[in-house]
């Protein structure tokens, strides 16, 4: 007798991180509604939940070792190298943002658990998105993840900017979701399939030249929907407003998870149908990369708000990561390396922002950094390391990631992209170093007084800074890891 | 034993970090003990390395710290060969004396400790640059020296001019670095390696055109760092930094990094006649323009800055004609006499309580006899008067150009003219400071204190004798560089009588310049009746104005490179923002519905704009996508 669970390919471990996150959220909800309990208990539960999630992500590696690349739940959930890489990323993001989002939530009086539940739910959604083999599954994961983010942006109800950010994010995000699901529909109409692998097989079968136009437009729509989430130009307009308006303590989480999940999915799509992408989408991606690098650099130069600056820098970085998608399999592995190092830097920068400026605030002018160095050596040095990383200074992970990406682009003879990306890097030095300059060198009459940093904050920021440096000095481990991710597609 | 090379490289870094962390270290004397003893130790070790290196017949070796990436194989490693050994000795030797000078010059500064942190960090970066064994480590050092020079230029950051100068140096250097980076990418793609050994030994397998493209990009980097035309305007502004730092960074070592790099890649460079020619022309242009600009500057340090640029131009000329040994030799002698001149200028500035305008000086010879004497030695050395250091190296460059014959004779004449100008403006400099009548009396002028005197005297002695290491009778530098430049065809000096005549001509040039300066600035010949007519006065005035304004090049350069870039980014951002998003989209949106106008607060308006913007680009992208396959097929 074959049980139903065997037919549909039921496997608990493969969805266990998602399940654990949802269960943690439910337990928290239960405690909030029924028994009045202390914050410490809730903190403990949340942290244990996150640790358990990470443990189950580790278990998925075991499953991978026995089963190899495999799909479950009637080809809805996929276990492959990309999903493992993405799971690890999300797990790490949760661990490293725990400090700042817990503090932010705690300072939201009466709404502490609400915020935590939103975060856990959104993480579960993004995990599902990373694991999805089916485009509809992907859409569901993306929506679970994003809707929580929209709410998260507006949690500080007293702040006008926060409300505005939330509404903007919601309206534009739902538009992007519409475009994405419309693309999935078009794909289904033209080929009657909705799986990632199936699509690639079908395209190979009918030949890249005979692919119906509806399929192509459908795929463009899907990719555009994802590009919106990673704030690549020309779909970047929301990012600066949302970053600026949202509570500072949440932005680190919001920015990193959505980017990580969407890039992993994009990378998987590119890797699976690499020939097709190289053949048909090269111009499309080239335009997006060029626009991202140029617009991002132009806008970033004039920003006075640090969070907006980081948002526009994110546009450039997205351009960089996307450029790897059109330079073959090694380009994709370089993109993944870039993604990892970028996320580490972003996490560090936003943790520092929330330490300096407080958790719930929205605006953060560059001038407020001035004189930081005098009394806060640790913060300034780690801040400088992250900014140097974003700028691509040698000895930081930023340099290595830009380096391997651009050398790879070069070997594919995409000279235009190389020149434009390098130009944006050169311009980038100007606006990345300005905050460092203001924080450390520029004279200031009344510098910031000493800021108390909790040990946990110190440890997590310090660790991130060390990782940024280590990846610059000893990049081999991660390079090999990212090559392993794409190994099957060479 | 071979790992000993790492000590002089990393000791300054350790010192810098140590001083950086000791924030309670307020006493200047304790800072002095740490920084001076560390530089003396590293100099002793360097000398030991150099001696063993000489005994072992200049056999080069590498020290690999660890492997940076596997494929392409890039190691984090250092190489000791003739070129890097020379630079190692030069940098660590000069750093001792300049630091000793600094202890007196920077004393009572509120950021005394920070100055030495930056200083040691610079020495570390420079040594990484010169000791590098592949292009990537060289680039690392290249960026680090840029950073530390930026920090030192804007050391007194409360002065806005200092911050501005730092920014300018930074922006102009980025243009050069961009070229350098593109060159590196080309190298990696052509040779699949960054290692000097591998790249430079395989140069003859590569088509000449590829080499030309690679080297053209690389020299852009050299032009930026070594302040060559058109990227030179940052160096005079960089004089905002502390004078001893200028002596080390903006005269003796960092600005010669471009020359060092070109000599390093000379096995590549020799195959590309185009690039060599570009280097020659740009070097000559720079030498002439900056020598001309130096003749009517009034800031004591700016004269020296333009003079540095001009001398760097001489080195580039030498590289352009293939006289790589002469270039390195001039780098060596120039480092000593220019450091001497800068330190002398520092002593004068200190004695006059931070007065830098040479019109307010004059007659200091009697009050500061030692400084005057040492500056005099520096002036004679740079003017090319035998037997001082500058004569040997400058004569070698001039003779090398001459020996190429043909059109190079024209270049020779122009270079000789630059040498006359050099002697002229340096003569003017010395005469106006130390000889002519004081136009303003400044009280209580005393000669330099002991910590300034010692470095001045030591550098003065070196400026006299360092030239003897590479004369037509004893080819010291050439022997040292023999293995490094093994596969390079070097332009050699002419033999016999020609060489003697050339030497006499270049001595004549030096004396002519000095004599002219003596006539004009000591005997006031311009005021005499002979030149008392309007046409001549107008000419003099024109020359003075043009020289003071650097042939108006600075302004043009500023507009194009610094202001232009800023303005451009601002303009475009504003235009895109206002027209594209607000303007067009508002127009479309408003005409579509009147009701939207009524209800629109700015917020919802913006979101609507974003939505339209989103849709607009989506349609464009789809349109592009639909159109292109047709074109493609």
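Chains as they are written, first to last, in the numbering used here: chain A, 743 to 1232; chain B, -3 to 629. From the three backbone atoms N, C-alpha and C, an ideal C-beta is built for every residue, glycine too. Keep in mind that this is a model prediction, so the values were computed, not measured.
Classification of residue i by the beta-carbon crowding that lies within 10 angstroms, buried from 16 upward
i	result
residue 408(B)	buried
residue 807(A)	exposed
residue 64(B)	buried
residue 260(B)	buried
residue 1172(A)	buried
residue 875(A)	buried
residue 71(B)	buried
residue 1046(A)	exposed
residue 852(A)	exposed
residue 339(B)	buried
residue 781(A)	exposed
residue 426(B)	buried
residue 844(A)	buried
residue 593(B)	Since pLDDT at residue 593(B) reaches only 38, below the 50 mark, its modelled position is unreliable, and no value is offered.
According to DSSP, residues forming a beta bridge with residue i
i	result
residue 821(A)	812(A)
residue 75(B)	58(B)
residue 630(B)	There is no way to answer for residue 630(B), as the model of chain B reaches only from -3 to 629.
residue 530(B)	Answer is none; residue 530(B) lacks a bridge partner.
residue 1107(A)	1047(A)
residue 173(B)	Residue 173(B) pairs with nothing; no bridge assigned.
As assigned by DSSP and simplified to three states, the class of residue i
i	result
residue 1184(A)	coil
residue 18(B)	coil
residue 95(B)	helix
residue 470(B)	strand
residue 65(B)	strand
residue 1194(A)	coil
residue 876(A)	strand
residue 494(B)	helix
residue 937(A)	strand
residue 191(B)	strand
residue 295(B)	strand
residue 443(B)	coil
residue 353(B)	strand
residue 362(B)	coil
residue 956(A)	helix
residue 267(B)	coil
residue 776(A)	coil
residue 484(B)	coil
residue 588(B)	Interpretation of residue 588(B) is limited by its pLDDT of 38, a score under 50 that renders its predicted location unreliable; the figure taken from the coordinates is listed afterwards. Looking at residue 588(B) - three-state DSSP - the assignment turns out to be helix.
residue 1099(A)	helix
Chain E residues whose Cβ lies nearer than 7 Å to that of residue i
i	result
residue 1152(A)	Absence of chain E from the displayed structure is noted, the protein chains being A and B.
Amino acids of chain B, ordered along the chain, whose beta-carbon sits closer than 9 Å to that of residue i
i	result
residue 1168(A)	170, 171, 173, 174, 177
residue 1218(A)	63, 64, 65, 66
residue 1160(A)	178, 181
residue 823(A)	Chain B residues near residue 823(A): none, gap ~20 Å exceeds 9 Å.
Residues that residue i contacts on chain A, provided the C-beta gap is smaller than 9 Å
i	result
residue 617(B)	962, 966, 976, 1026, 1029, 1030
Interface partners of residue i on chain A, CB under 8 Å
i	result
residue 139(B)	1135, 1136
residue 620(B)	1025, 1026, 1029
Chain B residues whose Cβ lies nearer than 7 Å to that of residue i
i	result
residue 921(A)	614
residue 917(A)	607, 610
Interface residues of chain A facing residue i [CB-CB closer than 7 Å]
i	result
residue 6(B)	Within chain A, no residue comes near residue 6(B); the closest Cβ sits about 14 Å away, beyond 7 Å.
Problem - At least 3 beta-carbon pairs within less than 8 Å: the stretch 834 to 845 of chain A vs the stretch 784 to 795 of chain A - result: A contact between stretches requires three or more CB pairs, one per stretch, nearer than 8 Å, and the stretch 834 to 845 of chain A meets this requirement with the stretch 784 to 795 of chain A.
Handout entry: Validate contact between the stretch 1021 to 1028 of chain A and the stretch 1123 to 1141 of chain A using beta carbons, cut 8 Å, 3 pairs
Key = No, the stretch 1021 to 1028 of chain A does not touch the stretch 1123 to 1141 of chain A.
Practice task
Check whether the stretch 897 to 907 of chain A touches the stretch 960 to 971 of chain A, taking contact to mean three or more Cβ pairs, one atom from each stretch, closer than 8 Å.
Solution key: Judged by Cβ distances under 8 Å, the stretch 897 to 907 of chain A makes no contact with the stretch 960 to 971 of chain A, as fewer than three pairs qualify.
Exercise for the section: Examine the Cβ distances between the stretch 330 to 347 of chain B and the stretch 402 to 420 of chain B and report whether three or more of them are shorter than 8 Å. Expected result: In this structure the stretch 330 to 347 of chain B does not touch the stretch 402 to 420 of chain B; the number of beta carbon pairs closer than 8 Å is below three.
Practice task
Evaluate the contact criterion for the stretch 211 to 225 of chain B versus the stretch 169 to 180 of chain B: three or more CB pairs, one atom per stretch, below 8 Å.
Solution key: A contact exists between the stretch 211 to 225 of chain B and the stretch 169 to 180 of chain B.
Exercise for the section: Determine contact between the stretch 231 to 250 of chain B and the stretch 108 to 122 of chain B, defined as no fewer than three beta-carbon pairs at a distance below 8 Å. Expected result: At 8 Å Cβ cutoff, the stretches touch.
Problem - the stretch 90 to 109 of chain B / the stretch 263 to 276 of chain B touching (three or more Cβ pairs under 8 Å) - result: The answer is no - the stretch 263 to 276 of chain B does not touch the stretch 90 to 109 of chain B, with fewer than three Cβ pairs under 8 Å.
Practice task
Kindly confirm or deny that the stretch 1217 to 1229 of chain A and the stretch 1105 to 1117 of chain A touch, where touching means at least three C-beta pairs closer than 8 Å.
Solution key: No contact exists between the stretch 1217 to 1229 of chain A and the stretch 1105 to 1117 of chain A.
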